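Engineer: In our numbering, the protein residues as written are 14 to 1136.
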């Protein structure tokens, strides 16, 4: 059986999934059977919730707790036991509880086999097992983000311009930039625009459209574009010629515009002498004149005019007919080509961008997540028994899919073989979803699938899943196993809210079903039923908020909407008895949510919002990253100022006064960065002393030492700064710090520990990384409608309920399938080398099969097939926005407030905003005043609402071991210590050798010894012996003049040779008449030492130096040998 459950909001979808999973896991005495069940969800949060629910239920069953689900499971597994409550029922209950106990323990032991996964995790698990067969690197990393990589791919593509190997690409880019400049576009924004367009490469549906043009080269696109532009000019010129003839005929007859009624006939021809207006459809008066011979002249027309018009009328009508005949013949293609041309440059570059994008991924051993489904699909559509599922098909007997309306076509096609295999063994499978909550179409979600499966109408589904015969066969195979069910009872919301939603969406669906038939398919079963004892006391309130001067501009930022939202929050908390944690404000767009959140914060409310959860708004995280930037760029005044002011705000906990600001200015403008750290350490010591945290023996420079900080990894640095500043003591910052440390650790593990690289990565990712939303009973949740899906709140306020339900012509684009035409084809023959007299080669014609266009009403004037595709897109946008409203309206349990801008709705002829739906609903109720609606049950019980206190785990302290010393020693062990013979004398020589690498003049010796002690390479008692050895070398008579201040010295600089080898002499001194190479050695002289330094000398001779001296310095022997 493949059961398709349509589950409306609040009807127990998660309960049903949990129950079906437990029925399968507990149906036999096999405690391991849970390993044969695969449950697929679409978010990590949903995965956690389902796992938690299953484990909680198993524990409750095992411990003998009463639970309604246990009764439901027994009733459905053993219906015959209900007849014998004291006998058979008790026996079955005992069996189920015993099984639950064993399964609960077994899941804990084999938790990795507890297969409740997100769809992405499942696909990644499949791909990881078959990297070789799928052509993926064995130890690959999954790349989730693409924006940065796409922009880099565009930049790398642009770097190819001017290269002789890429002349065609150069020509296209030059033409693209030239035309963009002529149109007044900013050159600097074009790479970002190209990267934005290239995002289509990562969209499942759009990628399929792009691949239909994979056979076309950049040169082909360029030729097609030239053909389209040429066709437009040709058609325009044809119409302009006829229009000019008509206008000329009128003028030559001594007539002008005022001689015709309303100037109709004259204006028709005059308008079309402008090429941009040539294809304009004639108006009603123009059609009446030329086609019905009406309205040519006024009643007071002079006899001369009447006679002149009568003479030229047949010719003018002929010109009109020729113009209209041509317009109708080519008009569809004309308007289509107009829409295609602006995107053709982008299309021609997509293959190049994709090539660079893939190359970057390969270079970093990464695979973008969008590739997984594509690679699996190539196999499952070609192999009757897909080998990548051979093991999984045997392992998983049951497939349970959550949020099925958000499944993409590709994802369903890839899971279909598993379901088909399971049904072949007569196993149970389940898909749960609600087409009314399909709001993720931009991610590939397709509501058609659940509609088709639930109605068992698979013909349309087979077409949308592609032309693979195997996919069609599998769909036919599952057809006979399909069974549908509908969960109608809403147990979430109060009676008044349920009844309002039933009425509202029923009326809107009825009003628009003829215009948008898909809305009927989706909302046909919108009506929800009330539970036996429904909650009462709910309230729904719709308000239209007046704007200043009745301005309905979308950018109107009057405070009326925000102030009304605040008033409703105050009413809910101060009058109705709700806590602030009971309230959620839902907005369609992030910009509106940000306005509300900022206003609530200004009024003293704690909030949970996308911004409040983002790491970039954490003071502690910003403090840590600011200090990281100072370490990398010690001369940056801006970074130092930011670090200092954040330090005062977060650590000193006060605003700097005038005296402080003067000191800060001195510290920042000093060329000695040590002053910055001295100041910070002084402040830290003062803060710790005031708090009583300064331990005996602590010194100022023990807090932050830039030399030591630069030697440790980015993650260790983050831990060190957090620990030094005591940031974990700031309770509200802990979640952000833990998340930030996770980010740094992940970067360290996957990409390296270089601090500058991490800071570059952080700049691109900081706006995308956030913590999970905490459950705070003292904070209002402000979020987008998309984020609220699956959640519920006692009070929901929806401001700005006036977004568009039609496509945005400037922002929205779509891919359309194109019919072949002469202008869209290339080939037929190749004229290569025709100038040399060679034979013309006949080639197959290639067509542009798909194209990208803006979603605008002009598409209705294009070809019939494209116009139909536009209508379908417009219909889907309509339904998706109706779904958004449905998701928003079904979040509240007690109170729903909807706020929209007031407009003169009665005068609107072409509605565009969802607020018009609210108006239509109120009109259908025949409300006397269209300004607001309140449900009858306005009065509610004003008692404080209980809050569920989640279990708290107290972490008394954060312990992190400082591993910098050990790691530094390990990294330098081979250079500093004698790890082969462990001879003390040789060990001393190695340390002197390392010290010499930091010495340019004798004045550098003290700082070199301090640094070695700081880095843990020598003890303080060793410093004196090493200093003496250094003095002997620096004062050696054969080395006189090589350690002078004015000498041009290079210590341990690498030399790269053409053969790829690297050479590194210890010291090179450039004197006026020669170059001196000094190489330090330990032990006794050997032949290899001489060979090595001679090789160095040869390199400098090859560089063009006339005289090169070579000296070998033996440290322990204090001996200098000239080679």
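By construction, the Cβ of each residue, glycine as well, lies at the ideal position given by its N, Cα and C atoms. As the structure is a computational prediction, the values presented were derived from the model and not from experiment.
Given this structure, state the Cα-to-Cα distance separating residue 702 from residue 741, to the nearest angstrom.
Structural biologist: Going by the C-alpha atoms only, they are around 18 Å apart.
Engineer: By the DSSP assignment, the beta strand (DSSP E) with residue 1070 in it spans what residues?
Structural biologist: Where residue 1070 is concerned, there is no enclosing beta strand (DSSP E), given that its DSSP letter is neither H nor E.
Engineer: To the nearest angstrom, how far is it from the Cα of residue 335 to the Cα of residue 601?
Structural biologist: Their backbone Cα atoms lie some 50 Å apart in a straight line.
Engineer: CB residue 794 to CB residue 592, shorter than 8 Å?
Structural biologist: For residue 794 and residue 592, no; Cβs fall outside 8 Å.
Engineer: Can you round the beta-carbon distance between residue 170 and residue 382 to whole angstroms, since I take them to be within the 8 Å contact cut?
Structural biologist: No, residue 170 and residue 382 are not in contact; Cβ-Cβ is about 23 Å, not under 8 Å.
Engineer: Rounded to the nearest angstrom, what separates residue 608 and residue 578 at their Cα positions?
Structural biologist: Roughly 11 Å between the two C-alpha positions.
Engineer: The beta strand (DSSP E) with residue 1094 in it runs from where to where?
Structural biologist: Element bounds for residue 1094: 1088-1094.
Engineer: Using alpha carbons as the reference points, say which of 901, 785, 821 and 833 lies closest to residue 870.
Structural biologist: Closest by alpha carbon: 821.
Engineer: I'd like the list of long-range same chain contacts for residue 283, defined as Cβ closer than 7 Å, with 5 residues on each side in sequence excluded.
Structural biologist: So the list reads 260, once near-sequence residues are dropped.
Engineer: Within the chosen definition, does the segment 1057-1069 reach the segment 755-767 through at least 3 CB pairs nearer than 8 Å?
Structural biologist: No, the segment 1057-1069 is not in contact with the segment 755-767.
Engineer: Contact between the segment 368-381 and the segment 246-264 is defined here as three or more beta-carbon pairs at a separation below 8 Å; is this criterion met?
Structural biologist: Too few Cβ pairs lie closer than 8 Å, so no.
Engineer: Does DSSP put residue 519 in a helix, a strand or coil?
Structural biologist: Three-state DSSP puts residue 519 in a helix.
Engineer: So what's residue 111 in DSSP terms, helix, strand or just coil?
Structural biologist: Looking at residue 111 - three-state DSSP - the assignment turns out to be helix.
Engineer: Ignoring anything shorter than 4 residues or poking outside the segment 211-253, list the alpha helix (DSSP H) runs there in chain order.
Structural biologist: Taking only runs of at least 4 residues, the alpha helix (DSSP H) segments lying wholly in the segment 211-253 are 217-224.
Engineer: Could you say which of 306, 1072, 316 and 55 lies nearest to residue 326 if we only look at CA atoms?
Structural biologist: Comparing Cα-Cα distances from residue 326 to each of 306, 1072, 316 and 55, the minimum goes to 306.
Engineer: What number of angstroms, rounded off, separates the C-alpha of residue 419 from the C-alpha of residue 153?
Structural biologist: So the two alpha carbons sit approximately 27 Å from each other.
Engineer: Can you check which of these residues, 397, 778, 837 and 269, is closest to residue 234 by C-alpha distance?
Structural biologist: Nearest of 397, 778, 837 and 269 to residue 234, Cα basis: 837.
Engineer: Give the straight-line distance between the Cα atoms of residue 2 and residue 450, rounded to the nearest whole angstrom.
Structural biologist: This structure does not reach residue 2, given that the chain is present from 14 up to 1136, and the question cannot be answered.
Engineer: Can you check the segment 378-434 for any beta strand (DSSP E) of at least 3 residues that lies completely inside it and give the ranges in chain order?
Structural biologist: Counting only runs of 3 or more, we get 379-381 and 411-414.
Engineer: Under 7 Å Cβ to Cβ from residue 956, same chain only, skipping five residues before and after it: list those, please.
Structural biologist: No answer about residue 956 holds up, because its pLDDT of 39 lies below 50 and its placement is not dependable.
Engineer: Whose C-beta lies closer than 6 Å to the C-beta of residue 446 among residues of the same chain, with five residues either side of it excluded?
Structural biologist: Counting only Cβ-Cβ distances below 6 Å, and skipping sequence neighbours, we find 416, 417, 418 and 463.
Engineer: Beta-carbon separation of residue 634 and residue 474 under 8 Å?
Structural biologist: No, the pair does not count as a contact, with Cβ atoms beyond the cut-off.
Engineer: Using the Cα positions of residue 1121 and residue 1114, report the straight-line distance between them to the nearest angstrom.
Structural biologist: Answer to the nearest angstrom: the Cα atoms are 7 Å apart.
Engineer: In this structure, how does DSSP classify residue 1134 when only helix, strand and coil are distinguished?
Structural biologist: Three-state result, residue 1134: strand.
Engineer: Distance check for residue 902 and residue 15, CA to CA, integer angstroms please.
Structural biologist: Approximately 31 Å, taken between the alpha carbons.
Engineer: Since residue 131 and residue 54 are thought to touch, with beta carbons under 8 Å apart, how far apart are those beta carbons, to the nearest angstrom?
Structural biologist: Between residue 54 and residue 131 the Cβ distance is about 6 Å, and since that is below 8 Å, they are a contact.
Engineer: Would you check if the distance between the CB atom of residue 659 and the CB atom of residue 784 is smaller than 8 Å?
Structural biologist: No, these two residues do not count as a Cβ contact at 8 Å.
Engineer: When the Cβ atoms of the segment 502-509 are set against those of the segment 538-554, are three or more pairs found closer than 8 Å?
Structural biologist: The segment 502-509 vs the segment 538-554: in contact.
Engineer: So, under 8 Å CB-CB, residue 927 and residue 798 are touching, yes? Tell me the CB distance rounded to an integer number of Å.
Structural biologist: That belief does not hold up - the Cβ atoms of residue 927 and residue 798 are roughly 11 Å apart, past 8 Å.
Engineer: Check whether the segment 270-277 touches the segment 218-238, counting contact only when three or more Cβ pairs, one atom from each stretch, lie closer than 8 Å.
Structural biologist: No, they do not touch.
Engineer: Please tell me whether residue 355 and residue 393 are closer than 8 Å, where the distance is taken between their beta carbons.
Structural biologist: For residue 355 and residue 393, no; Cβs fall outside 8 Å.
Engineer: What residue does the alpha helix (DSSP H) around residue 581 start on, and which one ends it?
Structural biologist: From DSSP, the alpha helix (DSSP H) with residue 581 extends over 573-583.
Engineer: Less than 8 Å between the C-beta atoms of residue 231 and residue 164, yes or no?
Structural biologist: It is not a contact, given that the beta carbons lie outside the stated cut-off.
Engineer: Any contact between the segment 1045-1058 and the segment 1079-1092? By contact I mean 3 or more CB pairs, one from each, below 8 Å.
Structural biologist: Yes: at least three Cβ pairs fall under 8 Å.
Engineer: Taking 8 Å as the cut-off, does the segment 773-784 touch the segment 870-884 (at least 3 CB pairs, one atom from each stretch)?
Structural biologist: Short answer: they don't touch.
Engineer: Per DSSP, what kind of secondary structure is residue 880 in: helix, strand or coil?
Structural biologist: Residue state, collapsed to three classes: helix.
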